[in-house]
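A.B. asks:
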Amino acid sequence: MEEMIERLKNGDESVFNNIIDYYDPKLYYIAIARVKNEDIAREAVQDTFVNLYLDIKKLKRVKNFDSWLIKILINNCNKKTKKGKFLEISYEDTAEIFVHDKEDVENLINDITFFDMISFLDEIDRTLMALYYKDGYTTKEIASMLNMNENTVRIKIKRARDDIKKKNEGDSK
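End of the sequence shown = 166 in my numbering, gap-free, step of one.
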């Protein structure tokens, strides 16, 4: 992937669609965890790809691409939510659009379960959980992306995990 990013940075637009295909699901998971709204999440991801296309030459180091792109996404999510553009759309309503085969159905069910499980958390905790558990970033990478102290990230993830356990124990009683 680094090679494609380097090529795009050097003006080779032929790799842009491959980069979009690779990063779109990852960015979408982060955006939906952050804004909890299908339309706003999709808009934020699309805006992020526009920003990528326009600003790729500003990227200093290709190895920092993931954190650079996620920072752009988070800024776009913040801009979208500040405009008050919240529309309530259920996962069920959008399932028909995104589901194409059995594996997609299973992935969607897993995603719904995950996002329902973290939905009561605040915005930053939802983002941390999505980055850590859905996208597999390390606490060090997340800290860099979000300009946070790594220990703070670890503590917030642990507290969020504990909050989820408490809520699930309370729901099962």
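Here a beta-carbon is modelled for each residue, glycine too, at the ideal position from N, C-alpha and C.
I need the straight-line Cα distance from Ala88 to Glu(-5), nearest angstrom please.
C.D. replies: A caution first: Ala88 carries a pLDDT of 42, below 50, which makes its placement in the model too unreliable to give a value.
A.B. asks: In terms of residue numbering, what span does the alpha helix (DSSP H) encompassing Lys248 cover?
C.D. replies: With the chain covering only -6 through 166, there is no way to say anything about residue 248.
A.B. asks: From the DSSP output, in three-state form, read off Met(-6) for me.
C.D. replies: Coil at Met(-6), not helix or strand.
A.B. asks: Does the distance from the CB of Lys127 to the CB of Tyr22 come in under 9 Å?
C.D. replies: For Lys127 and Tyr22, yes; Cβs fall inside 9 Å.
A.B. asks: Buried or exposed, going by whether 16 or more other CB atoms sit within 10 Å of the CB of Phe42?
C.D. replies: So Phe42 ends up on the buried side.
A.B. asks: Determine the extent of the alpha helix (DSSP H) in which Lys53 is found, giving its start and end residues.
C.D. replies: Careful: Lys53 lies outside any alpha helix (DSSP H) and carries neither H nor E.
A.B. asks: Apart from the five residues just before and just after Asn11, which ones in its own chain have a Cβ nearer than 7 Å to its Cβ?
C.D. replies: Taken in chain order, the residues that qualify are Met(-3).
A.B. asks: Is Lys73 closer than 9 Å to Glu36 when the C-beta atoms are compared?
C.D. replies: Going by C-beta atoms, Glu36 is nearer than 9 Å to Lys73.
A.B. asks: Within 10 angstroms of its Cβ, does Glu31 collect 16 or more other Cβ (buried), or is it exposed?
C.D. replies: Buried is the call here.
A.B. asks: By DSSP, does Ser60 sit in helix, in strand, or in coil?
C.D. replies: Helix at Ser60.
A.B. asks: For the alpha helix (DSSP H) containing Tyr15, name the first residue and the last one.
C.D. replies: Phe9 to Val28 is the extent of the alpha helix (DSSP H) around Tyr15.
A.B. asks: Given this structure, state the Cα-to-Cα distance separating Lys51 from Lys158, to the nearest angstrom.
C.D. replies: Computed Cα separation, rounded: 42 Å.
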